Amino acid sequence: MKSLALFCGSSLGVKDEYALAVEHLVSVIHAKGHGVVYGGGKVGLMGVVAESAKSIGCKVVGVMPQFLIDKELACADLSELVIVDDMHQRKKTMIELSSGFIALPGGTGTAEEFFEAWTWGQLGLHAHPCALYNVEGCYESLIRYFEDLVANGFMNRVFLDSLIISDSPEVICAMIDSFKGVGAKWS
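Start counting the sequence shown at 1201; every next residue gets the next number (this note's numbering).
Here it is as structure tokens:
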């Protein structure tokens, strides 16, 4: 069974469509026979990931530092809750437990997690696919930024082309399942 890391917000956002899209993504992941790794929270879109997964019997592993557990932010009754020392260890553990990475709508923490996973792939530290779940166009300005990076010579086109970008969970999961990798920036 593959486990896919879902990076997402600890807030719900302003549109109901965000939560509905997360529920749909989790159901497609489960239908493909995959499990979910996420930040372990019970709030915001993280809570939607957990509750959606639990309600359909999808394996869901949370990864959370002790200081957030102490704030009573951890979701109960997960398949597994991995307790780590800090946020750096959280990202590292999520990457190690996963065979693909999907950024859902979220804020700076979501972006940080996604960028680290995508960068590790470019550096050859893993060979797993990364995806942007572009719900309601939430990543359009970021995609334009990536195009600017390529145009200005700060990113190789092959890395942008390897990034899965879609508003369809079915497309994202199919592309993850058929991902072939592109190799490291410095081989």
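The beta carbon of each residue, even a glycine, is placed where N, CA and C say it ideally should be.
As the structure is a prediction and not an experimental result, all values here were calculated from the model.
For the putative contact between ASP1277 and LYS1254, defined by C-beta atoms under 8 Å, what is the C-beta separation to the nearest angstrom? In this structure ASP1277 touches LYS1254 by the C-beta definition: roughly 6 Å separates them, less than 8 Å.
With a cut-off of 8 Å, do at least 3 Cβ pairs link the segment 1358 to 1369 to the segment 1217 to 1229? Taking 8 Å as the limit for Cβ pairs, the verdict is that the segment 1217 to 1229 does touch the segment 1358 to 1369.
I'd like to confirm the pairing. Which residues does DSSP put opposite PHE1207 in its beta bridges? PHE1207 pairs with ALA1303.
What residue from ARG1357, HIS1224 and ASP1377 has the CA that sits closest to LYS1385's CA? In terms of Cα proximity to LYS1385, the closest of ARG1357, HIS1224 and ASP1377 is ARG1357.
Residues of its chain near SER1279, where Cβ-Cβ distance is below 7 Å and the 5 sequence neighbours each way are ignored: Cβ neighbours of SER1279 beyond the five flanking positions: LYS1259, VAL1260 and VAL1261.
Just to confirm the assignment: which complete beta strand (DSSP E) runs, minimum length 3, are found wholly within the segment 1290 to 1345? Within the segment 1290 to 1345, the beta strand (DSSP E) runs of at least 3 residues that lie entirely inside it are, in chain order, 1301 to 1303 and 1330 to 1333.
What is the DSSP secondary structure of SER1366, counted as helix, strand or coil? In this structure, SER1366 counts as strand in the three-state DSSP scheme.
Taking the beta strand (DSSP E) that GLY1381 belongs to, which residues open and close that run? GLY1381 -> no beta strand (DSSP E), and no H or E assigned at all.
I'd like the list of long-range same chain contacts for LEU1245, defined as Cβ closer than 8 Å, with 5 residues on each side in sequence excluded. So the qualifying residues of the chain are CYS1208, GLY1209, SER1210, SER1211, LEU1212, GLY1213, TYR1218, ALA1219, VAL1222, LEU1304, PRO1305 and GLY1306.
Please report the residue range of the alpha helix (DSSP H) in which LEU1281 lies. Where LEU1281 is concerned, there is no enclosing alpha helix (DSSP H), although the beta strand (DSSP E) it sits in stretches over 1280 to 1284.
Just the C-alpha distance for ALA1317 and LYS1202, rounded to the nearest angstrom, thanks. Going by C-alpha positions, ALA1317 is about 16 Å away from LYS1202.
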